[in-house]
Amino acid sequence: MTISLRCISCKKEYPSNAVRYVCDCGGLLDVWHNLDELRPQVSRGLFDGRLSGPPGPKDVPTTTSGVWRYREIILPASPADIVSRREGNTTLYEHPKLSAYVGAARFYAKHEGENPTGSFKDRGMTVGTTQAKLIGARAVACASTGNTSASLAAYAAMANIPALVFIPAGKIAAGKLAQALAYGATTLQIQGDFDDAMRLVREVCDNLGVYLLNSLNPFRPEGQKSIIFEILQGFQWNPPDWIALPAGNLGNTAAFGKALYEAKELGLIDKIPRLAAIQAAGASPFYQSYRGNFGKRKIMKAETVATAIRIGNPVSYSRAIRSLEWTDGLVEAVTDAEIMDAKAMVDQSGIGCEPASAASVAGTRKLVAKGIIRPDQTVVSILTGNLLKDPGATVAYHTGDWPDARLANSPIKVEAELSAVQKTIEKIL
Ligand code: F0G
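So the sequence shown is residues 232 to 660, counted in this note's numbering.
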């Protein structure tokens with residue numbers, strides 16, 4: 232099966248091993264699959280068979296990874312070349328507390344924080360790193376609000392490729408910084424924000440011949456499409472009505488629309504769910520552009536407690552607009568207070584997530600309240616990252632450092648004496 236890179240604006244094509252991230256015309260690139268050729272080769276049965284079959288020693292990633300299970304419509308790499316940590320296979324949770332909170336009885340949370348490095352980025356990174364190996368990259372790099380850098384650092388270490396990560400100084404959560412350092416990436420703390428880091432890493436990659444593994448690289452969103460394929464397969468190819476996701480740099484929004492379009496074109500599904508891209512109000516350039524019918528592209532200085540999506544100039548802007556067109560999608564914005572309360576609900580239902588992830592839950596709740604999502608509709612929200620990624624935000628919420636923490640579970644100071652401890656517990660039980 233042949234793939235190529237294709238400009239989403241002018242449709243110019245480039246070979247799949249070209250090291251480029253944008254077209255000569257400046258448009259963003261897609262990995263382009265020939266869907267007519269693919270149609271007779273893929274089916275629900277093919278993918279379902281890989282779920283139930285025993286993994287053989289040679290084909291481990293292609294049967295056990297929730298990304299490579301769908302390799303024909305992601306990257307048809309041969310198993311020997313694949314850099315994989317059995318990513319994906321994440322849980323689709325249902326919890327009465329969460330259903331009641333958002334106001335939709337059939338509410339599900341797909342937990343991408345269960346991936347090997349604790350976020351959905353691993354799905355894109357297994358593909359990006361495999362492609363880096365295939366083209367013989369001398370080094371790989373990314374700008375990041377934290378999760379991409381953690382994932383890149385891990386996968387590059389596995390593949391033995393030097394990694395460079397550009398992060399905004401002082402603005403990434405502790406768990407993510409720890410991962411980048413621990414996995415051995417050269418970590419540059421840029422004295423600026425994510426948008427500055429993004430601008431710089433693009434120039435450095437072009438000038439120094441380093442392979443860029445941000446979601447601007449079209450192979451990254453290909454891997455992230457597998458979140459959608461897993462959801463569809465989890466629902467026996469009978470799609471939910473809505474899929475809500477947090478939106479920052481818009482890589483996932485881009486990937487989800489493409490996955491749904493391709494799944495429909497390939498006959499894997501009969502209807503396309505609607506996408507709801509949710510931004511933090513303080514980092515909502517896509518929401519503001521959407522409100523203006525995308526007449527003018529808005530860029531802003533971003534600020535939010537959800538540092539993962541603290542982005543004012545999202546790279547996949549035009550690919551994300553296309554996703555909304557393909558899925559009759561929409562964009563919503565939620566405040567930091569709404570994000571942190573939704574996170575506390577997710578946490579207190581025993582599932583747990585990092586702040587940015589909870590934007591998708593807060594956004595679902597808002598859309599139900601507005602009457603846009605009906606209470607009888609099936610909704611899947613994507614929890615993009617693990618609770619342990621950002622201990623700082625969580626502890627601040629519960630210890631009084633967060634204004635209006637409606638669901639705070641404050642720690643109780645007790646004397647080191649049995650009677651005092653028992654009296655405190657009796658008051659609570
Ligand atoms: N949720 C989490 C936990 C993230 O880390 C990100 C993005 C998003 C949501 C938004 O996804 O960018 O595809 O719209 N994090 C990137 C990073 C920017 O560098 O880790 P998006």
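Glycine residues also receive a C-beta, built at the ideal position from the N, C-alpha and C atoms. Predicted model, so just to flag it, every value in this text is computed and none were measured.
Do three or more CB pairs link the region 490-506 to the region 518-528 at distances below 8 Å?
no
Does the distance between the C-beta of Pro477 and the nearest non-hydrogen atom of ligand 1 fall short of 6 Å?
Translated into positions along the sequence shown, residue 477 becomes position 246. Indeed, a heavy atom of ligand 1 lies less than 6 Å from the Cβ.
I need the DSSP call for Pro642, collapsed to helix, strand or coil.
Stepping through the sequence shown from its first residue, residue 642 is reached at position 411. Coil.
Looking at C-alpha atoms only, which residue of Leu447, Leu323 and Ala311 is the closest neighbour of Gly258?
Taking the sequence shown and counting its residues from 1, the one referred to as residue 258 is at position 27. Out of Leu447, Leu323 and Ala311, Leu447 has the C-alpha closest to the C-alpha of Gly258.
Using only the heavy atoms of ligand 1, determine whether one of them is closer than 6 Å to the beta carbon of Ile704.
The displayed coordinates of the chain run from 232 to 660. Any statement about residue 704 would go beyond what the structure contains.
Tell me whether the beta-carbon of Val273 lies closer than 7 Å to the beta-carbon of Leu497.
Stepping through the sequence shown from its first residue, residue 273 is reached at position 42. Stepping through the sequence shown from its first residue, residue 497 is reached at position 266. Going by C-beta atoms, Val273 is nearer than 7 Å to Leu497.
Excluding sequence positions up to five away, which residues of its chain have a Cβ less than 8 Å from the Cβ of Ser549?
The count along the sequence shown starts at 1 and reaches residue 549 at position 318. Within the same chain, and ignoring the five residues on either side of Ser549 in sequence, the residues whose Cβ sits closer than 8 Å to its Cβ are Ile239, Ser240, Gly258 and Leu259.
Our contact map puts Asp632 next to Pro586 with C-beta atoms below 8 Å; I'd like the distance itself, whole angstroms only.
In the sequence shown, residue 632 corresponds to position 401, counting from 1. In the sequence shown, residue 586 corresponds to position 355, counting from 1. Actually they are not in contact, since the Cβ atoms of Asp632 and Pro586 sit about 14 Å apart, beyond 8 Å.
Can you determine whether any heavy atom of ligand 1 sits closer than 6 Å to the C-beta of Ser591, and answer yes or no?
The residue labelled residue 591 in the question sits at position 360 within the sequence shown. Result no, Cβ not under 6 Å from ligand 1.
Within the chosen definition, does the region 308-316 reach the region 588-596 through at least 3 CB pairs nearer than 8 Å?
The region 308-316 vs the region 588-596: no contact.
Which residue comes first and which comes last in the alpha helix (DSSP H) that contains Arg254?
As a working note, residue 254 is residue 23 in the sequence shown. In the sequence on display, residue 254 carries Cys and not Arg. Run containing Cys254: none; DSSP gives neither H nor E here.
Taking just the CA atoms, how far does Ala409 sit from Ala639?
The sequence position of residue 639 within the sequence shown is 408, counting from 1. The sequence position of residue 409 within the sequence shown is 178, counting from 1. Rounded to whole angstroms, Ala639 to Ala409 spans 26 Å at the Cα level.
I'd like the ranges of any beta strand (DSSP E) spanning at least 3 consecutive residues and lying wholly in the region 417-482.
417-421 and 473-477
Exposed or buried, what is Pro471 when buried is set at 16 or more other beta-carbons lying within 10 Å of its beta-carbon?
Residue mapping note: residue 471 aligns to position 240 of the sequence shown, counting from 1. Looking at its Cβ environment, which holds 16 or more other Cβ atoms inside 10 Å, Pro471 is buried.
Rounded to the nearest angstrom, what separates Leu454 and Ile304 at their Cα positions?
In the sequence shown, residue 454 corresponds to position 223, counting from 1. In the sequence shown, residue 304 corresponds to position 73, counting from 1. The amino acid occupying residue 454 in the given sequence is Gly; Leu does not appear at that position. Gly454 and Ile304: Cα-Cα distance of roughly 9 Å.
Might you give, ordered along the chain, the residues of its own chain that have their beta carbon closer than 6 Å to the beta carbon of Arg596, omitting 5 neighbours on each side?
Mapped onto the sequence shown, residue 596 falls at position 365. For Arg596, where only same-chain residues beyond five positions count, the Cβ hits under 6 Å are Val333.
Got a sec: does ligand 1 put a non-hydrogen atom nearer than 6 Å to the Cβ of Leu444?
Locating residue 444 in the sequence shown gives position 213, counting from the first residue. The answer is no for Leu444.
For Arg281, which option in Arg302, Asp426 and Ile403 has the closest C-alpha, if you only look at C-alpha atoms?
Here the question's residue 281 lines up with position 50 in the sequence shown. Of the listed residues, the one whose Cα sits closest to Arg281 is Arg302.
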